[in-house]
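**Student:**
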Amino acid sequence: MLRIWGRENSVNVQKVLWCCAELGLPYERLDAGGAFGVVDTPRYRALNPNGLVPTLEDEGFVLWESNSIVRYLAARHGAGTLWPEDPRARAQADCWMDWMNTVFWPAFRPLFWNLVRTPLEQRSAAEMETSRRGTAEVLARLEDHLAGHAWVGGDQFSMGDIPMGAAIWRWLGLPIERPETPHIQRWFDALSERPAYRATVLQPIT
Ligand SMILES: N[C@@H](CCC(=O)N[C@@H](CS)C(=O)NCC(=O)O)C(=O)O
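Heads up: the sequence shown begins at 3 in this note's numbering, then just goes up one per residue.
1. Per DSSP, Thr57 forms a beta bridge with which residues?
2. Are there 16 or more other CB atoms within 10 angstroms of the CB of Val41, so buried, or fewer, so exposed?
3. Are Phe190 and Leu176 touching if we call contact CB-CB under 8 Å?
4. Measuring only from the beta carbon, is Trp66 closer than 7 Å to any heavy atom that is part of ligand 1?
5. Counting along the chain, where does the beta strand (DSSP E) carrying Glu30 start and finish?
6. Can we count Gly36 as close to ligand 3, meaning its CB is less than 7 Å from some heavy atom?
7. Run the proximity test for Pro177: is its beta-carbon closer than 7 Å to any non-hydrogen atom belonging to ligand 1?
8. State the Cα-Cα distance for the pair Met161 and Val72, rounded to the nearest angstrom.
9. Ends of the alpha helix (DSSP H) at Gln94?
10. Report yes if the C-beta distance between Asp163 and Leu193 is below 8 Å; otherwise report no.
11. Could you please give the first and the last residue of the uninterrupted alpha helix (DSSP H) stretch that includes Asn14?
12. What residue ranges within the region 175 to 201 form continuous alpha helix (DSSP H) runs of no fewer than 4 residues, ordered along the chain?
13. So Gly26 packs on Pro56, CB below 8 Å; how close in whole Å?
14. Give the DSSP-derived three-state secondary structure of Ala152 in the structure shown.
15. Less than 7 Å between the CB of Asn116 and some heavy atom of ligand 1, yes or no?
Following this line, the structure appears as structure tokens:
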């Protein structure tokens, strides 16, 4: 059985849990990261030298980096569903998966971290506002993309929806000022109808 290391409230762990739920894959999840610690132990560092979550173990095969794990599971178990078989459709999915990690998350992380993981008296209002504006700006690109496509990866739900789908709940679910993004909202509503998304991502934001 698959073993997934990582706390349930991590956006990167949620990507992997959601992927498994979409694919109907059973797994054992072990708490690690944040208040659970574990990630600095020699045993964990031998699996993942970064000391971050998630880490996947699949019958002796070890993999870290959440998007790589999603790609691996989709390629192995989701051909034609989560894993688009057409190279261009797959490239489109890959593109937005990478965009989540390299563009969206760096813009949004300071706002999330201040608002959710930092005591009130230690929050930086300036940092939060810069991050809020920056996130709204980069999300305008996703909004434009979704104006012409049903799903992030194209016409079909795929692995391309998973990283941004996991992240968008944090943006839409927090009490912050946001511009209207009707296409992102329509896409989020469609995700919210998926039992796997509700079970793994649509949880209290902590
Ligand atoms: N690029 C990595 C980032 C992993 C990452 O930053 N994970 C965070 C949780 S979302 C973490 O491990 N933080 C330290 C901790 O939880 O102890 C990935 O996508 O897997």
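C-beta: ideal position from N, C-alpha, C; glycine also.
**Tutor:** Taking the definition as stated:
1. Residue mapping note: residue 57 aligns to position 55 of the sequence shown, counting from 1. DSSP lists Trp7, Trp66 as the beta-bridge partner residues of Thr57.
2. Within the sequence shown, numbered from 1, the residue matching residue 41 stands at position 39. By the C-beta density criterion, Val41 is buried, having at least 16 other C-beta atoms within 10 angstroms.
3. Within the sequence shown, residue 190 is the residue found at index 188, counting from 1. Within the sequence shown, residue 176 is the residue found at index 174, counting from 1. If you check the CB distance, Phe190 and Leu176 do not come in under 8 Å.
4. As a position in the sequence shown, residue 66 is number 64, starting the count at 1. Flag set: Cβ of Trp66 near ligand 1.
5. Locating residue 30 in the sequence shown gives position 28, counting from the first residue. Counting along the chain, Glu30 sits inside the beta strand (DSSP E) bounded by residues 29 to 32.
6. In terms of ligand content, the structure shown lacks ligand 3 and carries ligand 1 instead.
7. Taking the sequence shown and counting its residues from 1, one reaches residue 177 at position 175. Incorrect: Pro177 has no Cβ contact closer than 7 Å to ligand 1.
8. Here residue 161 refers to the residue found at position 159 when the sequence shown is read from its first residue. Here residue 72 refers to the residue found at position 70 when the sequence shown is read from its first residue. Put simply, the backbone Cα of Met161 is about 7 Å away from that of Val72.
9. The residue labelled residue 94 in the question sits at position 92 within the sequence shown. Counted as a single uninterrupted DSSP element, the alpha helix (DSSP H) harbouring Gln94 occupies residues 89 to 101.
10. Counted from its first residue, the sequence shown places residue 163 at position 161. Counted from its first residue, the sequence shown places residue 193 at position 191. Yes, the Cβ-Cβ distance between Asp163 and Leu193 is below 8 Å.
11. Here the question's residue 14 lines up with position 12 in the sequence shown. Taken as a continuous stretch (DSSP letters only), the alpha helix (DSSP H) holding Asn14 covers 13 to 25.
12. 184 to 194, all fully within the region 175 to 201.
13. Numbered from 1 along the sequence shown, position 24 holds the residue referred to as residue 26. Numbered from 1 along the sequence shown, position 54 holds the residue referred to as residue 56. At roughly 19 Å, the Cβ-Cβ gap does not stay under 8 Å, so Gly26 and Pro56 are not in contact.
14. The sequence position of residue 152 within the sequence shown is 150, counting from 1. Residue state, collapsed to three classes: coil.
15. On the sequence shown, residue 116 is found 114 positions in, with the first residue counted as 1. Answer for Asn116: no, Cβ out of range of ligand 1.
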